[in-house]
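>
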Amino acid sequence: MYRTVSQLDSVMGILAAFFPDLCSRVELPNRSIQGRPIYALRMRAGGGGARRGVLLVGGMHARELMNPDAIVELMLDLALSYLNETGRSYGGASWSALDVKIMLETLDIWILPCANPDGREFVMQQVGGDRMWRQNRRDNPGTPCDGVDLNRNSDFVWGVTGPATSCNPCSSTRSYLGPTPFSEPESKNIEYLCDTHNIKVFADVHSFSEFVLYPWGHAPTQTTDSTKVFTGLATGTCAPLTPAGYKEYMTPRDFSRYRTVSQRVADRIRQVRGRNYVLKSVFEVYNGTTTGSCSDYVYSRHIANASRNKTYGFAFETGPNTGNDVLSFQPTDPEPIKRDAKAGLLALIQQSICAIDFIGTSLFGLSVESIRTIRDRMLANTEAGRGWINLFERVQFPLLGIVLSDRTLTKEAATLVRRVKTLTTQHKKAIVSKEDVDRGIAFLDELAKRTTDKKVKIDLSTVRRFLKGAGGQDVEKVIAKLGKSKPAPNKK
Ligand SMILES: [Zn+2]
0 MYRTVSQLDS
10 VMGILAAFFP
20 DLCSRVELPN
30 RSIQGRPIYA
40 LRMRAGGGGA
50 RRGVLLVGGM
60 HARELMNPDA
70 IVELMLDLAL
80 SYLNETGRSY
90 GGASWSALDV
100 KIMLETLDIW
110 ILPCANPDGR
120 EFVMQQVGGD
130 RMWRQNRRDN
140 PGTPCDGVDL
150 NRNSDFVWGV
160 TGPATSCNPC
170 SSTRSYLGPT
180 PFSEPESKNI
190 EYLCDTHNIK
200 VFADVHSFSE
210 FVLYPWGHAP
220 TQTTDSTKVF
230 TGLATGTCAP
240 LTPAGYKEYM
250 TPRDFSRYRT
260 VSQRVADRIR
270 QVRGRNYVLK
280 SVFEVYNGTT
290 TGSCSDYVYS
300 RHIANASRNK
310 TYGFAFETGP
320 NTGNDVLSFQ
330 PTDPEPIKRD
340 AKAGLLALIQ
350 QSICAIDFIG
360 TSLFGLSVES
370 IRTIRDRMLA
380 NTEAGRGWIN
390 LFERVQFPLL
400 GIVLSDRTLT
410 KEAATLVRRV
420 KTLTTQHKKA
430 IVSKEDVDRG
440 IAFLDELAKR
450 TTDKKVKIDL
460 STVRRFLKGA
470 GGQDVEKVIA
480 KLGKSKPAPN
490 KK
């Protein structure tokens, strides 16, 4: 019912052997404590060089048996959908063949389905194993207790303790954080993947409780005091976080992106069969400090070191709390929960695509840096500006499908991206001409005609109204206006 470590490895081996154009399997540099090889699989279709990467990790905690299976099955599903040009449904949540094609042709999808193979083997071992084992299989010298909790071992506020983060190898919560940050080969593999690939979005899939989680874990999250940054906190103390009452900063733009994307994931999971996944920060799970978690670590990297890429780190907790721990971790019938998980992951993958990046960079080799700069440096700083960013992120995926299904529209989209790029790289006083406005409006009208989604139609008409008022103005003024007036839909 649950795949053994070697069965998981062989699914990846089969995918790589049968579909070499789609899948490649790599052995990660660090073998497990007991010497097992650990594999990751990269999935991508089509050509092109550098892409945005998504990394999905499962099996970090040994007893959470469902998620490694769900992750490899998702890759099988994607491979078959892509090759047969069919859509994919999990219960009431569906994706079209074109959706799948766009995902595989725009992203590098990485999976590390079984991050902790020794632990999984120990859980599945009929004689002498432990069904409730959570950690890896490290022998901790000088104590009768084995294992390090790999999700407390990352180099992020490491060594600060809380309700489920402990310096004691024999802790009842099985959450011993290890002798040093990244002391464990299995957690070091996550660091390696982030160091060597352009990972923009990360999900660590756990069980149970039906949550979609985002940072922070060591402290409550706040968006107002940018002087509160974790790099100044004392670590390795084996004591609770100091100062008391500390709250960690997150930019309003990142906070709103985390909430928007998590909400989309939860909405898609609900479509499957009605389960309600709740959005929370990692801190809120135990209502107390959790340090050294992978999802916080990946997101913290660009703050600790500005030369690194930003990675949005999420964690899922799949499956309900049934009141019985063994059955919550290892349900008798995991199939419905795996479908929920696959829908959530597919939603996350979809949300990782950037339409402008794709149209500009991948299809037409244009650098869209100037557009990105306006988004991140100017619009992201005000509430109204973030409203426009959210609007764009909401509509981009449904509209990208429409644009790519028609060559004329694809060409027109590229022309418009090129024109916006020209305007935004020119002098700040470059004028948005009447022709620019007419052309933009004609494009929006064409999209509105072709979409059946009422919410998307409303968003398009909001943009249309704004664009109408932009003719004859200089770029600086238009951007300032976006930053000042929220995208309010038409009342009538
Ligand atoms: Zn877990």
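Just so we're aligned, residue 0 is where the sequence shown starts under numbering that gives the first Met the number 0, counting upward by one. Ideal Cβ placement from N, Cα and C applies to all residues, glycine included.
Cα separation between R269 and A340?
11 Å
> Considering only DSSP beta bridges, list what D315 is partnered with.
Position check: residue 315 holds Phe in this sequence, whereas Asp was assumed. Looking at the DSSP output, F315 shares a beta bridge with V204 and V211.
> Taking R41 as part of the beta strand (DSSP E), name the residues at either end of that continuous run.
Y38 to M42
> Could you give the DSSP three-state label for D76: helix, strand or coil?
helix
> Judging by CA-CA distance, which residue of V10, G386, N188 and L365 is the nearest neighbour of P486?
G386
> Exposed or buried, what is C113 when buried is set at 16 or more other beta-carbons lying within 10 Å of its beta-carbon?
buried
> Is the beta carbon of E209 closer than 9 Å to that of N286?
Contact flag unset, no.
> Taking 9 Å as the threshold (C-beta atoms), are T450 and L459 in contact?
Yes, these two residues count as a Cβ contact at 9 Å.
> If I measure Cβ to Cβ from K199 and keep anything under 8 Å in the same chain, skipping five residues before and after, which residues do I get?
R51, G52, V53, N308, K309, T310, Y311 and S351
> For L14, which option in G273, R43 and L97 has the closest C-alpha, if you only look at C-alpha atoms?
R43
> Let's see if you can read the secondary structure: which residues bound the alpha helix (DSSP H) around F22?
In the sequence on display, residue 22 carries Cys and not Phe. First-last for C22: C22 to E26, but that is the beta strand (DSSP E), not the alpha helix (DSSP H).
> Per DSSP, what are the beta-bridge partners of Y248 in this structure?
Q221
> Output yes or no for whether 9 Å exceeds the beta carbon distance between V281 and P239.
no
> State whether the segment 351-370 contacts the segment 389-398, with contact taken as three or more CB pairs (one from each stretch) at a distance under 8 Å.
yes
> I'd like the span of the beta strand (DSSP E) that includes G12, first residue to last.
Here G12 belongs to no beta strand (DSSP E); instead the alpha helix (DSSP H) covers V4 to F17.
> Pairing CB atoms from the segment 138-153 with CB atoms from the segment 65-81, are three or more of them under 8 Å?
no
> With DSSP as the reference, label R151 as helix, strand or coil.
helix
> Can you tell me whether E63 sits near ligand 1, meaning its C-beta is under 8 Å from at least one heavy atom of the ligand?
Checking the Cβ of E63 against ligand 1 gives yes.
> For N152, which residues from the same chain have a beta carbon less than 8 Å from its beta carbon, with the 5 sequence-adjacent residues on both sides left out?
L176, G177, P180, F181, S182, E183, S186 and G291
> Would you call D148 buried or exposed, if buried means 16 or more other Cβ atoms sit within 10 Å of its Cβ?
buried
> Residues in the same chain with beta-carbon distance under 7 Å from G3, minus the five sequence neighbours each way, listed in chain order, please.
Here the sequence assigns Thr to residue 3, which means Gly is not the residue at that position. Same-chain partners within the cutoff: M123.
> Where K158 and F207 are concerned, what is the direct C-alpha to C-alpha distance, given to the nearest angstrom?
The sequence as given places Gly at residue 158; Lys does not occur at that position. Going from the Cα of G158 to the Cα of F207 covers about 25 Å.
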